Structures are given as C-alpha cells and as structure tokens.
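Shown next, in structure tokens, is the structure this report addresses.
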Amino acid sequence: MPVENLRPLADQVDDTMALDRLIGTLSSGFALLATLLAAIGLYGVLTYSLAQRTRELGLRIALGATIARVWRMVFRDVGRIAIVGCILGAMAALVLGRLAQSLLFNVPGYDAGVMLAAAVGIAL
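Residue numbers for the sequence shown follow the working numbering, so the first one is 39 and each next one is one higher.
What follows is the structure in structure tokens.
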C-alpha cells in the first residue's frame, strides 16, 4: 500500500490550526478597532460636553475661580463618565467573555489584567 500525502508533522499541525489562528487574528483586529472607536467616541463626547460649558467655565473664571479649580471640575466630570463607562464595559466584557469561552481551548474568557489595561488605556 503506497503512502500518500506524506508531510512533516509541523505542516499538518499548521494546517489544522489555520482556522483557529485566523479566528484569533480577526478577533484581535476587531478588538483593536473597537478600542479605537471607543476612544474616539469618548473624546467626541467629552469635547462636545466641554464646548457646551464654555460660557459657564468663562463665567466661573470671571467670578474668581482659578484655572486649576476649573480644570479640577472638568476632570471630575470626565472621571465620572469614564468610571461609569468602565463599569458598564467590565460587566459587558464578563458576560461576553463567558460566551466567548466556548470558542477558546483551556483559556478563561476574561482576564482581570487585560480588562484593567483596557480600561486604563481608554480612560487615558
């Protein structure tokens, strides 16, 4: 009986893992795109919010508020929005991570370090 399709084991493993590698690459690309869109959206919302408050901030400065105090007020408001967004995003990531865990082999669907890094990256 002749031997057909004789190839090294490494090539056979690479062919077998090609679909998994493609799914991982696409998932990483979409995650990067989603992070970029979230950062752009957060920047847009905060810029719009600040533009709406230009008169208020000018009035506060005219009435004697220091620039540092106005900046603290703005960053406090931005911090609230970022914290709420991070909490909602973490809850969604936990739920979707459990769903995605079925696609992963022996890998948890969520990682606290990755979630923290993503939250800090978007908040900055």
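Built from N, CA and C at the ideal position, the CB exists for glycine as well. Predicted model, so just to flag it, every value in this text is computed and none were measured.
Distance, residue j Cα to residue i Cα
i	j	result
residue 122	residue 43	57 Å
residue 59	residue 94	53 Å
residue 90	residue 138	40 Å
residue 62	residue 71	14 Å
residue 149	residue 53	29 Å
residue 78	residue 69	14 Å
residue 142	residue 55	13 Å
residue 97	residue 154	38 Å
residue 73	residue 86	20 Å
residue 80	residue 114	15 Å
residue 46	residue 66	29 Å
residue 104	residue 92	15 Å
Where residue i sits in the DSSP three-state scheme
i	result
residue 41	coil
residue 89	helix
residue 52	helix
residue 158	helix
residue 152	helix
residue 141	helix
Cut-off 8 Å between Cβ atoms - residues of its own chain near residue i, not counting five sequence neighbours on either side
i	result
residue 84	116 and 119
residue 128	153 and 157
Proximal residues to residue i (C-beta, below 7 Å), its chain only, five neighbours per side dropped
i	result
residue 125	none
residue 76	160
residue 132	148
Proximal residues to residue i (C-beta, below 6 Å), its chain only, five neighbours per side dropped
i	result
residue 51	none
Cβ distance (whole Å) where residue i is taken to contact residue j below 8 Å
i	j	result
residue 99	residue 108	6 Å
Alpha helix (DSSP H) runs contained entirely in the region 62-135, provided each spans 4 or more residues: The alpha helix (DSSP H) runs of length 4 or more contained entirely in the region 62-135 are, from start to end of the chain, 92-100.
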